[in-house]
Each structure stands twice: as C-alpha cells, then as structure tokens.
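Going down the list, the protein sequences come from chains D and B.
Each residue of the first sequence is one higher than the one before, counting from 185 in this note's numbering.
Each residue of the second sequence is one higher than the one before, counting from 331 in this note's numbering.
The structure under discussion appears below in the form of structure tokens.
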Amino acid sequence: MLLAPVTVTPTKPLSPSHLKGLLWADVLFRATRLVSDIQFRYRPASYHVTEQTLGFWVFLDSHLGDVDYRELSETDLGDLYVRFRAQDSRPADARLGQYQEAVEESGFVHPSAERILSIWKDQYSVLGMYDPGLTAPASPRLEVAGLIERLEDVAMCLDLRRIGGAVYADASRYGMPLRQILDETGRPNYLACALRELLALSDGRDQIVLMHDPELTADYVLLARIVGEVSGVEVHRLGVGRVPIEGRIGSARSGNWKDVDAASLLRRVSDQHDTDAVRLGCRLYFLATLGAESKQSFDWDALFHCIRRAERLLARAPDDYGGRDQAALAAEVARHRDLSGSAGWIDPYRLTVRLLARHQPPLATPLLKAVFT
Amino acid sequence: MTGASGDVTISQRLLRRHATMRLRAARPDLAAELDLSTFHGLVEGFRMAAAGETAAQSAKPAADPGAATVVLRALELRSWVEGTCAFASSLDPDTATAWRRQLTRTIFLAGNPRNLRQRFPAALVAPDLTAAWFSPADPLTPALRRLLPAFNCSASLSGPPSTPARLRLESRATRAPRQWEVALATAGTALPGSLIALNHLLVEAVLDGHLVDGDTVTVRPTPTLSGHSADLRCVRAVPDPDDAGRLRAEACLVLYPSSKGQS
Chain D
185 MLLAPVTVTP
195 TKPLSPSHLK
205 GLLWADVLFR
215 ATRLVSDIQF
225 RYRPASYHVT
235 EQTLGFWVFL
245 DSHLGDVDYR
255 ELSETDLGDL
265 YVRFRAQDSR
275 PADARLGQYQ
285 EAVEESGFVH
295 PSAERILSIW
305 KDQYSVLGMY
315 DPGLTAPASP
325 RLEVAGLIER
335 LEDVAMCLDL
345 RRIGGAVYAD
355 ASRYGMPLRQ
365 ILDETGRPNY
375 LACALRELLA
385 LSDGRDQIVL
395 MHDPELTADY
405 VLLARIVGEV
415 SGVEVHRLGV
425 GRVPIEGRIG
435 SARSGNWKDV
445 DAASLLRRVS
455 DQHDTDAVRL
465 GCRLYFLATL
475 GAESKQSFDW
485 DALFHCIRRA
495 ERLLARAPDD
505 YGGRDQAALA
515 AEVARHRDLS
525 GSAGWIDPYR
535 LTVRLLARHQ
545 PPLATPLLKA
555 VFT
Chain B
331 MTGASGDVTI
341 SQRLLRRHAT
351 MRLRAARPDL
361 AAELDLSTFH
371 GLVEGFRMAA
381 AGETAAQSAK
391 PAADPGAATV
401 VLRALELRSW
411 VEGTCAFASS
421 LDPDTATAWR
431 RQLTRTIFLA
441 GNPRNLRQRF
451 PAALVAPDLT
461 AAWFSPADPL
471 TPALRRLLPA
481 FNCSASLSGP
491 PSTPARLRLE
501 SRATRAPRQW
511 EVALATAGTA
521 LPGSLIALNH
531 LLVEAVLDGH
541 LVDGDTVTVR
551 PTPTLSGHSA
561 DLRCVRAVPD
571 PDDAGRLRAE
581 ACLVLYPSSK
591 GQS
C-alpha cells in the first residue's frame, strides 16, 4: 500500500491547516504500518519544478540576491512569498526555464527551500512526526515524455505542443473536464508532478491512498481515475478539510498564518507542557476534535484542553498489555481499519477518537508511543 | 476594379462590398434598417448581428440559437476543411438560417472526439478522429463547453499550400467540379484566429452554394492579402486591428484559373 498526501510547497511556514493534514497522514501511516505493509510517499523535491515554486525562487534571487538564508525565518520567507504572489507580472519563461532545467537535471534546490525544509524537519521532530523524506531527492519518477506516453496508451492525453499549445489530461469519457498538466512551454504543473511520481511508484502495488484538502477535490478525483486506469491499482481518496483562522479559510498566498504558524504554536504549547503531551494533544485536537470536515476556526483554548487531556491519558495508560505482546497491539489497531479499501488502512480519525472513549479500557503506552507521540 | 481576365484586386471598396453582402445574407432585417453604405452603419450592423439584437429593439431575443462547436484533437487541415464544409451542408435549412443570423458563430474547443463519442454524439466526426462538429441546435453543447477548454495555441498557419481537400457535400452538384483556393492572411494571426476566419468563409460559401459536392479546396497561407488580385468569389473582411476605421481581408475564396472554363 502507498500513502500519498498532497505535499506542502516549502515557500512559507506551516499553518494549522498544514499541521492538520500532516498529522492525519502521520497517524494513518504509523498506525497502518503496525498491521500492513505501507510506504509513505512525501517528497517536496518532486514538486519543485512547478511554476509556483520556481517563480518564487526567481523572485527571491532578483529581490534579495545572494544572502545567507539561515538568517531568515520561515515567516520572513512566507512574507516574501505573499509579496511574490501579489505581483501582477510573472517571471520570464526563459528565466524559469533555467531553474527548471537545474531542478530536473541536477536536483537543484534553492537555499530558501532548504532553509524552510530544515525548519520543518525540526518541527516534525518536536511533534514526533515521521519524516518521509522532506529533504530527500525527488522520488524515482517518469520523465515528462514517459508520462505523456503512458497517458496516450489509455487515450487520456491531449497534446497540443506540436502547434504551440498545452498538454491536457483527458478523462472526458468519464464526464470529467479536461485539465492542463503542461503549459505551453512544457512546464509541468502540480498535477503532472503527482502523476509522474505516482505512476512510477504504483507498479506492483495493490492500493494507493491519496490525501488532499477539499479545495483540490476535482484534481484528485481526476488523479485517482487516471492512476487507476493507467496502472490498474486500486486508488482511494481521503479529503481532510482546512482549518479556518478567525472564520476565514485563506490560502498561503494571503499570509494567514500570523501567530498561528507552526513555530509560534509549538513555542506557546511547549512552554507549558511536556513533549509527549504536546504530541498527543495536537493529534487529539487536529484529528479527534476537528474531524475531517469541521468548519471550526482554530481555537487555542480547545488545543490546550486537548493537551491537558493528553496529559491525563498518558498518565493512566497501562505500561503493557498485561503480559500480552506486539500481536495484541496490532489487534487493537486493526479494529480501526477503514472499510472502503480492500487492504484496509487504519482510519486515523476512528483510532484517535478511540482514545477518548470513556467506557473502554485506556490504550496502552506501547500503542501511544508507536502512533501518537 | 475588374480586369479583362475577370480578376479583381483587394481594396477597401471591395472589402466594404463583401462585408455588406455578408450582412445582407445573414440579417436582411438589419440591412433594411441601417445605412450600410456608411462605415459606421456597417460596423453597427455587425455588432448588432453578433449580439443577436434586432433593429426594432436593442435587446437580445429570448431564444439564443447558439453557436456551432468544433472539437479538435489536432489540426489536419485537409481533413478539417472537408469536415467543415460537409458539416455546413448537413444542417437542416432552419438551423442553417438561424446559424447564419448568428453570423455562423462557431466555438473551437480542444478535445478528443474519440473520448466524447459515448456522452456527446457529434453531428459529424472526421474519419481520422482529429475533429468533431456539433450543431448550433445541439442541446448538449453547453455541457460540452464546460468539459473542454478553448482550442488555444501559439503556432500560426504558414508554409506551402495544403493538400487539396475534396468536398463530399449533401447537396447534389448542378455543375462540373471546380478547383478553389482559399488565400489566408496569416501575419500576426495565430492558428485559432485563422481557423475562425477559414471556418466563416468556408461554411458561408457552402450555405451560399459557391462550394458544391466534388469541388476541391486548397488553403494557401500568405502574410497579407493587400493588393491581392484574383477571381475572388467570397471575401472575409473584418475591422483592421491596426485601424478600426478600415477593413482587413482575412481570407478569400478564389477560383483557380483552370476551373474558369467550366464556370
């Protein structure tokens, strides 16, 4: 089984919405690997080639020039990203092309992205999240030509490059709108990057679980359809909603992370609580309290409430299974399989909510350590 | 303007005459109300026709007869010309008249006709599956337009004349086949713009009976039609993008000299 959540582009700080998606994926992965063979695919480097990221790098190099990015925080960079996105003009194709070539051919990563990814790595570590390869090179993936060939094999590609047009993914026979995947200059967008990666990784697997926020549903429905059609693998989607800030769901380009970015959040909660309580409390809040669909705005009181609850859960968790072993732990987890997939990943929501069940025995420390802290 | 050979030369006067003829054929009601001998009257007439307005009331009629839709997977010029003319000749007279009133408005979308067959049966599909045509009266076209993006690309038509298209039309020919050439002005025009010009010229030439079953049509790209002198039968003239006070020839239908003995 392969778990493949939408990746966050390293151009800004992690917001509560990002943390929610990342924690959902983390619980799903760590719980499922106790009972099934699962690989976690999450490589930001596979997506550096999109215009959103390359354009920001061009912007930084022309506005800041040669600087030591260790002197900048992720919120400093995020503020610059907001400025970049607010511009009317877009960088010249030739300039973007130079960065694109360096990324594709020699794995170039701009120091701003390296800086943000190294900060994220530290934050993952504080939150106890598994690092699936934040700073690793791009996964083995199809070349653009290979992608087009695979899509053409199943008549799901419309390629107008010969006449100076774009390339589209075509699932119109299923009633889905055509969706551009390469622009007129041949630059792949996010969807093309995801296809290149997933089609290369899907061989020999029986199941892929995609995770995304609801704003990307149309793209992910298409992605699931294409990957299923091309590779024959069973594809499932899990939508995890964003967290509004003071009632508003803004995208990163609007800079809606003020005071609730991951660094601020972790600083504030870690001042008052120990690491395991913060880890479990954040999972209780972003999974059990908010659920996949909640429209509740980010709420500090609710988060602290969850962390205090986590402290109590950790304190009363039995050290072991009363002489039972790893198999008992697996059996406990396996009761929370999602029923929609034949292989059955563990439903991160159901498992987390189980922690709060009042009339069931508390979960044991080995399970909390393996999945939640 | 007319030489001994029957050739005429592109000029502002000639373009005005052809534009006027086109509006008269499409919207006789507007032609009767407006003074088409003035440039302003002519331009106003085309604006009203494009907006579906009538002379009596400047408002959109309740029923919008809609545009035809062409879906393209690639451009194979010969196949497309044959399909375009066959499609125009296949329309029933009422649909053709309503479409004409819309100045044969046509929307070009990017898509694969093969993938549309089940959900969107086309009026006509090119044998090589590169193009499909949908009637302006087709109730499925709004859904089709939500599904497919506009046919957009930066290439332009250039190079040598196309392979001659051999027309297979519904109407029975009452004369011997002729050879035609479409001279197409390409300077500053990308492929989608050229297709629009060619499409209007060809379908209106079919609806007007200039092109009949068995005729052949060759498309010859040229930067400009300025000063072009030939036996012009149909001319597509539009306001010149460089100067809105004059017209520019986008395309014209020319009878090959070798066909003249048969006219």
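Cβ coordinates follow ideal geometry from the N, Cα and C atoms, glycine included.
Fully enclosed alpha helix (DSSP H) runs of no fewer than 4 residues occupy 328-337 and 374-385 of the segment 318-402 of chain D, in order along the chain. Below 8 Å, too few C-beta pairs join the segment 365-374 of chain B and the segment 448-464 of chain B to call them touching: fewer than three.
At a cut-off of 8 Å between beta carbons, D/Glu368 contacts chain B.
The criterion of a C-beta distance shorter than 8 Å is not satisfied by B/Leu407 and B/Ala379. Interface annotation, D/Gly349: in contact with chain B, CB-CB separation under 8 Å.
Around the beta carbon of B/Thr504, a 10 Å sphere encloses fewer than 16 other beta carbons of the protein chains shown; the residue is thus reported as exposed. With the criterion set as a beta carbon lying under 9 Å from some beta carbon of chain D, the members of the segment 475-495 of chain B are Arg476, Leu477, Leu478, Pro479, Phe481, Asn482, Cys483, Ser484, Ala485 and Ser486, in sequence order. Close partners of D/Tyr352 in chain B (Cβ separation under 8 Å): Ala440 and Pro479. When Cβ-Cβ separations below 8 Å define contact, B/Leu499 makes no contact with chain D. In this structure D/Leu449 does not touch D/Thr536 by the C-beta definition: roughly 19 Å separates them, more than the 8 Å allowed. Sequence-ordered contacts of the segment 446-459 of chain B with chain D read Leu446, Arg447, Gln448, Arg449 and Phe450 [C-beta pairs closer than 9 Å]. Secondary structure in the segment 360-439 of chain B: the alpha helix (DSSP H) runs of 4 residues or longer, each lying completely within the stretch, are 369-381, 407-420 and 423-431 in chain order. In this structure, DSSP gives D/Glu495 a helical state, which the three-state scheme calls helix. No Cβ-Cβ contact shorter than 8 Å links D/Leu203 with D/Trp304. In the three-state DSSP reduction, D/Val310 falls in the helix class (H, G or I). Here D/Ala278 is exposed. Its C-beta has fewer than 16 other C-beta atoms within 10 Å. In this structure, D/Ala229 and D/Gly330 do not form a Cβ contact; the two beta carbons are roughly 18 Å apart against a cut-off of 8 Å.
Take the alpha-carbon of B/Ala456 and the one of B/Ala520: they are about 23 Å apart. With fewer than three CB-CB distances shorter than 8 Å, the segment 497-512 of chain B does not count as touching the segment 427-439 of chain B. Taking a beta-carbon distance threshold of 8 Å, B/Arg408 does not count as an interface residue toward chain D. Neighbourhood of B/Leu521 in chain D, by CB distance below 9 Å: Ile347, Gly348 and Gly349, in chain order.
If you draw a straight line from the Cα of B/Thr554 to the Cα of B/Ile340, it is about 11 Å long. For the 8 Å CB-CB criterion, B/Arg403 and B/Asn442 form a contact.
With the rule of 3 Cβ pairs closer than 8 Å, the segment 406-422 of chain B counts as touching the segment 527-543 of chain B. The Cβ of D/Ala376 sits no closer than 8 Å to any Cβ of chain B. Within 10 angstroms of the beta-carbon of B/Trp510 lie 16 or more other beta-carbons, which makes it buried. Counting along the chain, D/Pro189 sits inside the beta strand (DSSP E) bounded by residues Leu186 to Pro189. The C-alpha of B/Arg508 lies about 44 Å from the C-alpha of D/Leu366.
Between D/Leu468 and D/Ala446, the gap from beta carbon to beta carbon reaches 8 Å or more. If you check the CB distance, D/Asn440 and D/Arg452 do not come in under 8 Å. Counting other Cβ atoms within 10 Å of its Cβ, D/Asp210 reaches 16 or more and is therefore classed as buried.
The DSSP-derived three-state label of B/Ser559 is strand. Bridge pairing for B/Arg496: B/Thr546 [DSSP]. According to the DSSP assignment, D/Val419 belongs to the beta strand (DSSP E) that extends over Glu418 to Gly423. Under the three-state reduction of DSSP, B/Ala452 is assigned to coil, being neither helix nor strand. Sequence-distant Cβ neighbours of B/Leu531 in its own chain, meaning closer than 7 Å and more than five residues away, are Val512, Cys564, Arg566, Ala581 and Leu583.
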